[in-house]
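Residue numbers (our numbering), protein chains in the order written: chain A, 1 to 119; chain B, 120 to 668.
A virtual CB, placed ideally from N, CA and C, is assigned to each residue, including glycine.
These numbers come from a predicted model, not from an experiment.
Worksheet: the structure to be examined is printed underneath.
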Amino acid sequence: MSEATITTVVRQVSPTISVIDIGGSVTRAADQALTNAYHEASGDKTRAIILNFANLEYMNSSGIGLLVTLLVRANRQSQQLYACGLTDHYRDIFSLTRLDEAIHIETDEAAAIAAAEQR
Amino acid sequence: MRPWLDLFRARLREPADLSTLVHELEQIVRAVVQPANAVFWAPPDITQHWTVSGNIPAFAPEDPLVAWAIAYPTTRPRAQVPVNSPALVALDTGVVVPLVSLGTFVGLIAIQESALSADQIATLDEIAGLAAPAIRVARLAHRIDLAERAHQTTAEELRVAEIIQRSLLPESLPNIAGWQLDAWYKPARVVGGDLYDIIPLPGDLLAIVLGDASDKSVPAALVMATVRTLIRAAAQRVVLPGQVLARANDDLCAQIPPGMFVTCFFAILDTASGRFRFANAGQCAPNLCGPNGVEELSASGWPLGMLPGRTYDEGEITLTPGSTVICFSDGLTETHDPAGEMFGTNRITATLAEMDNCAPLIPALLAVQQEFAGPSWEQEDDVTLISVTRLPEPEPIQEEAPAEPETISVFSVPSAPDTERVAADQVLAAVADLPLTDSQRQRLFTATAETVMNAAEHGNHFRQDLSVGIEIIRQGNRLHVRISDGDRGGPIPEVVTPNIDAKLAGLQSPRGWGLFLIEKMVDQVEVLDTPTGHIVELTVNLNESPGAD
């Protein structure tokens, strides 16, 4: 059985905003990849990091735990986390877990960038 | 003279009310002609501010002195005022100083001293020229102020009247098992002349009243307050609706102002049997929406308060389950459309005929009325509606024999990381034909994956010799997914509700979402500890009744 894999691509869309494109599976196996991507996305001037889940295939409770860890790091660095591209099911899970109170949810990347720029 | 005049001119540049202006005019006139007496003959709202001495004739706007002053607004000795004026005679004046502004007579100062110098006369003339427009404007402002205050008082009184009138309407309608009562009331003005009332009577009886006074606003509301009291009193003493109206009519005739009357529908409903007895004093005939369609409940009778000693016909129906009586005031039937056509009763009957008898009929009628009246409609009359529905009797609940459990699939997956997706995919494939929504399928996927992950990791500790068992069972309209491990080490710990705030504050581990998610994703979760391990049963309610597919 092959382990579920995550794919991450980091893009800087403005001096203060970075996007991490997250594809594949967000499970416990994604820990290192997600941590690396976060560090890459997080520069001195970065104020907002957008997690783009448009190509997400699967996320389990361990993956949610990883997002909480990212949130703790982002809070420490006074960065805002945004999420976009979530399906209704995962939006539902973000709502049930109240993750949506700590991560700003937007429908797509453009909306997330616009929201991040307004802050 | 000059300093007085300059002072007066300067004073006029500052805002001053009527009484201040007249007072200051008096001061300067007395200063100029001292010590002669000066009186002011003017409309009473102006002269009341003058400190008077001597006999001043009542102001008469038709006195020729007024017309003369408007024509010749200059200071003159009495001898040069050639009019036959009763006021002039009574004033016993030596010199007259008319105050006229823009053709309006503001007043006339009569100075008893006749030997004034030319300088004094010129100064008085100048004073009059300055004072007249100022007094005219101040008087106008004073009148506006009075009118505004009167308006405010009226508005406040109306507001109080509205509060009192609203307090006469039922605060809430009785909640009676098997019945649904609704009412709607909208006055055309702040205070209305319609009235409705629901009066609980001994036993299972309920009186229903809808009245409309012939006038509107406060007079109508006062009459309706009286009618309410009279009807309530009569309903306690006599039993039949016709008797109630007859008694209320006799009492009202003795109290109602001439020319006013009240139309009133009165009914007594027996909520145990559905018996509905009614009488009508000239109010719109209500409609019965029953098994035979829409019927008018007619009963004739004079409006209340016109003539004592009237009798009232009575009608009687039985409201069967699923029937409604709807009563309305003429504010509904007499709504006009922009072309002036009246709403009438036919539109009401047609609307009711198209509807389920137990549907909310009042909103439906109001919607049709609004559409008829158009967006620019200004309500002409109070509109009141009451609906009384006898609800359909609930169908007896049929006891169903529990359905036989049907095993859909049984399989197992190895205890390995990421094995949960394989298991969850397989469960979804097995239930593909069952009536589940997309959301239910995704939730079942997540719940299964989380449970399998727990079984493999925490139950079987990823041991290769232990697998995770999965059994899918349908029983009636419930789907059960049973997931078992080989852990004999004791019960599964209780779910600790994860708290995002505590996790962000570092007070809880970032992980620990699994059991919480499982409970949220399905309709029921049960955990069994067996001698061979744990069984977690996830239950989802299917969307169709058994046998429907």
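When you compare the CB of residue i with every CB in chain A, is at least one pair closer than 8 Å?
i      : result
L657/B : no
Q583/B : no
L636/B : yes
Q561/B : yes
G588/B : no
D136/B : no
G666/B : Any reading at G666/B needs caution, since the residue's pLDDT is 37, under 50, leaving its predicted position unreliable; the model's value is listed next. False, the Cβ-Cβ gap to chain A never drops below 8 Å.
L626/B : no
L140/B : no
E514/B : no
M572/B : yes
L547/B : no
P629/B : yes
I619/B : yes
A568/B : yes
If you follow the beta strand (DSSP E) that residue i is in, where does it begin and where does it stop?
i      : result
K305/B : W298 to K305
R132/B : Segment: none, R132/B is in no beta strand (DSSP E) and carries neither H nor E.
F530/B : P524 to P533
M59/A  : A48 to M59
D648/B : Q643 to T649
T443/B : S442 to F447
N465/B : That residue, N465/B, is in no beta strand (DSSP E); its alpha helix (DSSP H) goes G463 to A472.
V158/B : A157 to W160
P163/B : From DSSP, P163/B is part of no beta strand (DSSP E) but of the alpha helix (DSSP H) over P163 to T166.
D316/B : D313 to P319
R308/B : Note, R308/B: premise wrong, no beta strand (DSSP E); not H, not E.
L598/B : R597 to S603
R509/B : V502 to R509
What are the boundary residues of the alpha helix (DSSP H) that includes residue i?
i      : result
E145/B : L137 to V152
R394/B : Where R394/B is concerned, there is no enclosing alpha helix (DSSP H), although the beta strand (DSSP E) it sits in stretches over R394 to A400.
P183/B : P183 to A190
E232/B : Segment: none, E232/B is in no alpha helix (DSSP H) and carries neither H nor E.
N579/B : Where N579/B is concerned, there is no enclosing alpha helix (DSSP H), given that its DSSP letter is neither H nor E.
I481/B : L480 to A492
I637/B : G633 to M640
T567/B : D557 to N573
Q80/A  : Element bounds for Q80/A: not the alpha helix (DSSP H) but the beta strand (DSSP E), Q80 to C84.
A404/B : Neither: A404/B is in no alpha helix (DSSP H) and is coded neither H nor E.
S95/A  : D88 to L96
E117/A : E109 to Q118
V541/B : T538 to A549
I619/B : I619 to L623
L99/A  : L99 to A102
Decide if residue i is buried, meaning its Cβ has at least 16 other Cβ atoms within 10 Å, or exposed.
i      : result
N411/B : exposed
P494/B : exposed
D552/B : exposed
D606/B : buried
I165/B : buried
R396/B : buried
H270/B : exposed
Q239/B : buried
A102/A : buried
G463/B : exposed
D668/B : Its pLDDT being 35, under 50, D668/B is placed unreliably by the model, and nothing is read from it.
Our contact map puts residue i next to residue j with C-beta atoms below 8 Å; I'd like the distance itself, whole angstroms only.
i      : j      : result
D642/B : V655/B : Rounded, the Cβ-Cβ distance is 14 Å, inconsistent with contact.
R347/B : D370/B : Their Cβ separation, rounded to whole angstroms, is 12 Å, which puts R347/B and D370/B out of contact at 8 Å.
V152/B : P192/B : At roughly 19 Å, the Cβ-Cβ gap does not stay under 8 Å, so V152/B and P192/B are not in contact.
R76/A  : Y38/A  : Contact flag wrong, Cβ pair sits at about 12 Å.
G65/A  : R562/B : Not a contact, Cβ separation roughly 20 Å.
A257/B : A135/B : 7 Å
Consider the Cβ of residue i: report whether some Cβ of chain B lies at a distance smaller than 8 Å.
i     : result
Q38/A : The question names Gln, but residue 38/A is Tyr in the sequence shown. Judged by the 8 Å Cβ criterion, Y38/A is not in contact with chain B.
R47/A : no
Y58/A : yes
V72/A : yes
S62/A : yes
L96/A : yes
I22/A : no
V68/A : yes
Next item on the list: Could you name each continuous beta strand (DSSP E) segment of 3 residues or more that falls completely within the region 5-42 of chain A, going from the start of the chain to the end?
Entry: 6-14 and 17-26
Item checked: In chain order, each alpha helix (DSSP H) run of at least 4 residues that lies wholly inside the region 321-394 of chain B -> Listed in chain order, they are 336-356 and 360-372.
Next item on the list: Starting from the N-terminal side, write out each stretch of the alpha helix (DSSP H) that is 4 residues or longer and does not extend beyond the region 194-248 of chain B.
Entry: 205-210
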